[in-house]
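Going down the list, the protein sequences come from chains A and B.
Heads up: the first sequence begins at 1 in this note's numbering, then just goes up one per residue.
Heads up: the second sequence begins at 1001 in this note's numbering, then just goes up one per residue.
Working notes for the structure below.
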Amino acid sequence: MWIKKLFFILLVRPLILIIAGVNLRGKNNLPSDGPAILIANHNSHLDTMVIMTLFSLKTLEKVRPIGAEDYFCNKPYKTWFSKNLLDLIPLKRRPTKEDGHPFSSIYKALEKKEIVLLFPEGSRGDPEVMKPFKTGIAHMAEAYPTVPVIPLSIHGAGKALPKGEALFVPFIIDVNVGEAVFYKGESKAEYTKNLHYLVELLEK
Amino acid sequence: MIESKSFLTLLVLITILALATAIIYFKYPTKELKDRVNSWWYILGFFSIGIMLNITIAMFFFAFLSFLALKEYFTLIPSRRTDRRVMFYAYISIPIQYYFAAISWYGMFIIWIPVYLFLLLPFRQVLIGETKGFLENTARVQWGLMVFVFGLSHLAYMLTLEPTDGVGGKELVLYLVLLTAFNDVLQYVWGKSFGKHKIIPKVSPNKTVEGFIGAFFSISILAVLFSFLTPFNWYEAVGAGMLISAFGFVGDVVISMIKRDIGVKDSGNLIPGHGGVLDRVDSLVYTAPLFFHYVYYLYY
Chain A
1 MWIKKLFFIL LVRPLILIIA GVNLRGKNNL PSDGPAILIA NHNSHLDTMV IMTLFSLKTL
61 EKVRPIGAED YFCNKPYKTW FSKNLLDLIP LKRRPTKEDG HPFSSIYKAL EKKEIVLLFP
121 EGSRGDPEVM KPFKTGIAHM AEAYPTVPVI PLSIHGAGKA LPKGEALFVP FIIDVNVGEA
181 VFYKGESKAE YTKNLHYLVE LLEK
Chain B
1001 MIESKSFLTL LVLITILALA TAIIYFKYPT KELKDRVNSW WYILGFFSIG IMLNITIAMF
1061 FFAFLSFLAL KEYFTLIPSR RTDRRVMFYA YISIPIQYYF AAISWYGMFI IWIPVYLFLL
1121 LPFRQVLIGE TKGFLENTAR VQWGLMVFVF GLSHLAYMLT LEPTDGVGGK ELVLYLVLLT
1181 AFNDVLQYVW GKSFGKHKII PKVSPNKTVE GFIGAFFSIS ILAVLFSFLT PFNWYEAVGA
1241 GMLISAFGFV GDVVISMIKR DIGVKDSGNL IPGHGGVLDR VDSLVYTAPL FFHYVYYLYY
């Protein structure tokens, strides 16, 4: 995927690292190899770019963000962008019976030892306000209990490029990476709540 | 001849820094001091490349420094969602201000931010129409522009000054920056060695009267020693030294005041051992315009 690399080298990295600037804590908690699931709070389109920028170019190949199919693949240019530049895994928000298991493409990525990036809030919210997590992450963790789930918090991206705005204004973005979490058979609601709590803790 | 003076000075600085590095690594090998001295190497390296190569690179270097400082400041201060648009114009003003410096258009350089932006940025807010918090935001943004763009850009304008008495803008910038940096270091060293009486404990608990006075006299002497970088005679150099030392201190504590107001210790973590860019340019934002006008009044 040379085009994804090129996109990050020429555009995303200069924009995120030089124009905005990232203040990274917990760098050692970042996985150097897959499979892994990254979860984070979500306020801005920059969130995906910021997290993908944290990885070396070599590991970047394996990082696959998950996005709603109805948003990221509803127009031909968006589909092209999502597929080629982000290497996005499209997710159906309202799957039908014929689609099979809704997470099958995510599971396939994990089997290929890829690093999956997910925003359990479902969609971007207001800056500094976190919505409850959806329980999809718990289903994935239950299906792959040996795959580490790594919580991250992002702060400031919602100021630089909030939802519904097209004007990017430079602000320093704080990223805090937490320690890996493994699924230990608790209830899905409990597990999801705990992850939400961990991301909240990282925000401080 | 001009070139050799600044090269000689840089060699002296490298030697002093090498000595300081050796002392810290062998006698006081704490992580904080090591980080600090290592970062000084980077600062000296970037700064030398920034001012020595050519004037265009120098302009980009200082404009980028203003940008980094302003960005740290904007990230720290509280802001409403609608303020982003005003801040956007504040960023856009940076290249324009440095362009006026680069072409030595003194009139526009000196009024672009204090007059034009001061009068027009509030109007941008009027167009957005968010009335609540208008005055606070106008004041915050203008203050940041004045200090981190207008203040720092005096370094860039100083670089373009025509040589007099065999020294040009490059030497003057070098003189100002090295004395400002030594002032910070000497306040720390004198304070650590003899400091007893805190000067403003509420704002900066580490600043002492002894540190301030020690640095004030040492800098006055250093100002004369390094006056070969300037057109000054000895008493003009002493005056410059006192100006830089006193107002370097003021700039330092004023930026500390902002950090206390917001409730952070460091403005960022871009420079290991120093904090953010604001923590490093705090003295310079005061000494740069004041020293510039001192020289400008005496020789231009």
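Where a beta carbon is used, it is the ideal one built from N, C-alpha and C, also for glycine.
- In the same chain as Val147 of chain A, and ignoring 5 residues on each side of it, the C-beta atoms closer than 7 angstroms to its own belong to Pro35, Ala36, Ile37 and Leu110, in chain order.
- As for any alpha helix (DSSP H) of minimum length 4 sitting wholly inside the stretch 1028-1115 of chain B, the runs are 1031-1052, 1055-1076, 1083-1102 and 1106-1111, ordered along the chain.
- Listed along chain B, no residue sits closer than 8 angstroms to Pro14 of chain A by beta-carbon distance, the nearest being about 13 angstroms off.
- Annotated as distal: Arg93 of chain A and Asn43 of chain A, with beta-carbon spacing of 8 angstroms or more.
- Within the stretch 1187-1242 of chain B, the runs of alpha helix (DSSP H) at least 4 residues long that lie entirely inside it are, in chain order, 1209-1225.
- Using a Cβ-Cβ cut-off of 8 angstroms, Asn1269 of chain B is close to Asn23 of chain A, given in chain order.
- Within the same chain, Cβ atoms closer than 8 angstroms to the Cβ of Leu1070 of chain B are found at Ala1090, Tyr1091, Ile1094, Gly1144, Leu1145, Phe1148 and Val1149, the five residues on either side in sequence being excluded.
- For Phe171 of chain A, a Cβ of chain B is located within less than 8 angstroms of the residue's own Cβ.
- Distances from the CA of Val1224 of chain B to each of B:Met1242, B:Val1254 and B:Asn1038 were compared; the closest alpha carbon is that of B:Met1242.
- No Cβ-Cβ contact shorter than 8 angstroms links Ala1215 of chain B with Ser1227 of chain B.
- When C-beta atoms of the stretch 1276-1288 of chain B are compared with those of the stretch 1205-1219 of chain B, fewer than three pairs fall below 8 angstroms, so the two segments do not count as touching.
- Taking a beta-carbon distance threshold of 8 angstroms, Lys163 of chain A does not count as an interface residue toward chain B.
- In chain order, Glu121 and Gly125 place their CB closer than 6 angstroms to the CB of Lys131 of chain A, counting only its own chain and leaving out the 5 sequence neighbours on each side.
- Counting only the Cα atoms, Leu198 of chain A lies some 15 angstroms from Lys134 of chain A.
- The straight-line gap separating the alpha-carbon atoms of Lys188 of chain A and Ile137 of chain A is approximately 9 angstroms.
- Assignment of Thr1138 of chain B by DSSP, reduced to helix, strand and coil, places it in the helix class.
- In the DSSP assignment, the residues bridged to Gly67 of chain A are A:Pro90.
- DSSP places Val1177 of chain B in the helix class (H, G or I) of the three-state scheme.
- Contact check for Tyr191 of chain A and Pro145 of chain A: beta-carbon distance about 11 angstroms, past the 8 angstroms limit, so the pair fails to qualify.
- A direct Cα-Cα distance of roughly 16 angstroms separates Lys83 of chain A from Val12 of chain A.
- Among the residues of the stretch 1067-1078 of chain B, those with a Cβ less than 7 angstroms away from any Cβ of chain A are Lys1071, Glu1072, Phe1074 and Thr1075, in the order of the chain.
- Secondary structure at Ile1255 of chain B: helix, using DSSP grouped into helix, strand and coil.
- Taking one beta carbon from each stretch, the stretch 1253-1261 of chain B and the stretch 1121-1128 of chain B have fewer than 3 pairs nearer than 8 angstroms; the two do not touch.
- The contact set of Arg1260 of chain B on chain A, defined by CB atoms closer than 8 angstroms, is empty, because the minimum CB distance reaches about 20 angstroms.
- Rounded to whole angstroms, Lys1031 of chain B and Val1037 of chain B show a C-alpha spacing of 10 angstroms.
- Within 8 angstroms of the CB of Tyr1098 of chain B, no CB atom of chain A is found; the nearest one sits about 17 angstroms away.
- Just measuring C-alpha positions, the residue of A:Ser32, A:Glu200, A:Gly21 and A:Gly158 sitting nearest Val63 of chain A is A:Ser32.
- Look at Met1242 of chain B: its C-beta is not under 8 angstroms from any C-beta on chain A.
- In the three-state reduction of the DSSP assignment, Pro1289 of chain B falls in the helix class.
- Assignment of Val1250 of chain B by DSSP, reduced to helix, strand and coil, places it in the helix class.
- Between the alpha carbons of Tyr1025 of chain B and Leu1019 of chain B lies a distance of about 10 angstroms.
- Using a Cβ distance threshold of 8 angstroms, Asn23 of chain A and Asn1233 of chain B do not count as a contacting pair.
- When C-beta distances to chain A are compared with 8 angstroms, every residue of the stretch 1140-1156 of chain B stays at or above that value.
- Leu167 of chain A belongs to the set of residues whose beta carbon lies under 8 angstroms from a beta carbon in chain B.
- Note on Pro76 of chain A: under 16 other CB atoms within 10 angstroms of its CB, so exposed under the neighbour-count rule.
- About 14 angstroms separates the CB atoms of Leu195 of chain A and Val177 of chain A; that is not less than 8 angstroms, and the two are not in contact.
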